[in-house]
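Asks: Encoded as structure tokens, here's the structure I'll be asking about.
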Amino acid sequence: MQRLIQLYSKNLQRRPFTTQIVSSAVLWGIGDVLAQRVSSGDAQHHGSPSSSAAVSVEQQQQQGQLRDKTHGSTASDMDGIVPLNALDIRRALSASLYGGLFNGTIGHIWYTKLDELALAFLKHKSPFVFIGAKVFADSIVFGPLHLGAYFTCMTLMEGGSLRDVQHKMEKDFVPTFAVELTMWPLVQAINFALVPVTYQLLVVNCATVVDAGLLSWIQHQVDFSGRVKAFIHGS
Numbered sequence: 398m399q400r401l402i403q404l405y406s407k408n409l410q411r412r413p414f415t416t417q418i419v420s421s422a423v424l425w426g427i428g429d430v431l432a433q434r435v436s437s438g439d440a441q442h443h444g445s446p447s448s449s450a451a452v453s454v455e456q457q458q459q460q461g462q463l464r465d466k467t468h469g470s471t472a473s474d475m476d477g478i479v480p481l482n483a484l485d486i487r488r489a490l491s492a493s494l495y496g497g498l499f500n501g502t503i504g505h506i507w508y509t510k511l512d513e514l515a516l517a518f519l520k521h522k523s524p525f526v527f528i529g530a531k532v533f534a535d536s537i538v539f540g541p542l543h544l545g546a547y548f549t550c551m552t553l554m555e556g557g558s559l560r561d562v563q564h565k566m567e568k569d570f571v572p573t574f575a576v577e578l579t580m581w582p583l584v585q586a587i588n589f590a591l592v593p594v595t596y597q598l599l600v601v602n603c604a605t606v607v608d609a610g611l612l613s614w615i616q617h618q619v620d621f622s623g624r625v626k627a628f629i630h631g632s
């Protein structure tokens, strides 16, 4: 593990953009694969069908029928674990492409500039104010930008239209952002407080595996907002 970190740090110094693009692409792809393996069929069994879902109900049914013909009914299917040879490769590649092109570039610039701005304006403030300001800025600036870009890029790459993007944003942006806020502020507070700046991007990328899996799962729910409301009301 130590050698991997050293290799990452060495390449980050020599080729920062390339290193961030490659590492982000790999980790986002892993996150999507994990999401598919655990809950690939979930969107087909919950919520009401919608013609503006990122993946249409007809496509979901066709994929389900194809898996049934190819693999039959297996124990792993019944347990909700999808075999590797039944994964949606296009979906995983789309997530990987988004992770590399957006997180690997915009994310790299954001965290670098965030630290520079914090040092310029808050260098003499208390550690609580310094870290708190960075976490606050990351939550209200980069968080919504990243989430909006994710829904937009993934919906379009999976064959959706701009109208589908609008529907997705109107329906799922607020509940998804609320879920994101339960994870990232704590992660970033620990990251900014304990991890040297050189390695903060690595921490973000590692946590991105969980975030990528979560967002991928939400992206492919037919009625995520409805499920959140049902959970809140205990039904």
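Just so we're on the same page, the numbering used here is the position in the sequence shown counted from 1, plus 397. By construction, the Cβ of each residue, glycine as well, lies at the ideal position given by its N, Cα and C atoms. In this text, all values refer to a predicted model and were calculated from it rather than measured experimentally.
What is the residue span of the alpha helix (DSSP H) that F499 lies within?
Replies: Taken as a continuous stretch (DSSP letters only), F499 belongs to no alpha helix (DSSP H), as it is neither H nor E.
Asks: Decide if K407 is buried, meaning its Cβ has at least 16 other Cβ atoms within 10 Å, or exposed.
Replies: Answer is exposed; the Cβ neighbour count stays below 16.
Asks: Would you call T595 buried or exposed, if buried means 16 or more other Cβ atoms sit within 10 Å of its Cβ?
Replies: Exposed, because fewer than 16 other Cβ atoms sit within 10 Å of the Cβ of T595.
Asks: Taking C-alpha atoms, which residue in Q618, T605, L591 lies nearest to G635?
Replies: An answer regarding residue 635 cannot be provided, because it is not within the stretch 398 to 632 covered by the chain.
Asks: Ordered along the chain, which non-local residues of its own chain (more than five positions away) have a Cβ less than 7 Å from that of L511?
Replies: K531, A534, D535.
Asks: Mind checking H521: buried by the 16 CB within 10 Å criterion, or exposed?
Replies: With fewer than 16 Cβ atoms within 10 Å of its Cβ, H521 is classed as exposed.
Asks: Can the beta-carbon of W425 be found closer than 9 Å to that of Y495?
Replies: Cβ distance < 9 Å, so W425 and Y495 count as in contact.
Asks: Could you give the C-beta distance for F589 and I528, rounded to a whole number, given that I count them as a contact under 8 Å?
Replies: With 8 Å as the limit, F589 and I528 qualify as a contact, their Cβ atoms being about 5 Å apart.
Asks: Buried or exposed: where does T549 fall if 16 or more other Cβ atoms within 10 Å of its Cβ makes it buried?
Replies: Per the 10 Å Cβ criterion, buried.
Asks: In three-state DSSP terms, what is H468?
Replies: Note that H468 has pLDDT 45, beneath the 50 cutoff, so the model's placement of it is unreliable and the number below is only indicative. Reduced to three states, the DSSP call for H468 is helix.
Asks: Looking only at its chain, what residues have a beta carbon closer than 7 Å to the beta carbon of A609, apart from the 5 residues adjacent to it on each side?
Replies: L424, W425, G428, D429, A492, G496, listed in sequence order.
Asks: For V526, which residues from the same chain have a beta carbon less than 7 Å from its beta carbon, with the 5 sequence-adjacent residues on both sides left out?
Replies: So the list reads L519, once near-sequence residues are dropped.
Asks: Would you kindly work out how many angstroms separate the C-alpha atoms of G501 and I629, rounded to a whole number?
Replies: If you take the alpha carbons of G501 and I629, they lie about 35 Å apart.
Asks: How would you label L599, buried or exposed, when you count the other beta carbons within 10 angstroms and need 16 or more for buried?
Replies: Looking at its Cβ environment, which holds 16 or more other Cβ atoms inside 10 Å, L599 is buried.
Asks: Distance, Cα to Cα, A575 vs Q563?
Replies: Their Cα atoms are separated by approximately 19 Å.
Asks: Would F414 be called buried (16 or more neighbouring beta carbons within 10 Å of its own) or exposed?
Replies: By the 10 Å Cβ count, F414 comes out exposed.
Asks: Along the chain, where does the alpha helix (DSSP H) containing K510 start, and where does it finish?
Replies: Where K510 is concerned, the enclosing alpha helix (DSSP H) stretches over 505–519.
Asks: Leaving out five residues on either side along the sequence, give the residues of the same chain with a beta carbon under 7 Å from the beta carbon of Q456.
Replies: Only weak support exists for where Q456 lies, its pLDDT of 48 falling under 50; the value from the coordinates is given anyway. Closer than 7 Å at Cβ, skipping near neighbours: no residue.
Asks: If you follow the alpha helix (DSSP H) that T579 is part of, which residue opens it and which one closes it?
Replies: It is not in any alpha helix (DSSP H) - T579 carries neither H nor E in the DSSP assignment.
Asks: In this structure, how does DSSP classify E567 when only helix, strand and coil are distinguished?
Replies: Looking at E567 - three-state DSSP - the assignment turns out to be helix.
Asks: Whole angstroms are fine: how far does the CA of T573 sit from the CA of D559?
Replies: One point to set straight first is that residue 559 is Leu, not Asp, in the sequence displayed. Those two C-alpha atoms are separated by around 19 Å.
Asks: Nearest by alpha-carbon distance to R487: which of M398, A627, M551, L583 is it?
Replies: Answer by Cα proximity: M551.
Asks: Taking C-alpha atoms, which residue in Q433, K565, I537 lies nearest to P480?
Replies: Cα-wise, what sits closest to P480 is Q433.
Asks: Tell me whether A422 is buried or exposed, calling it buried when 16 or more other Cβ atoms sit within 10 Å of its Cβ.
Replies: Counting Cβ neighbours within 10 Å, A422 comes out buried, since at least 16 surround it.
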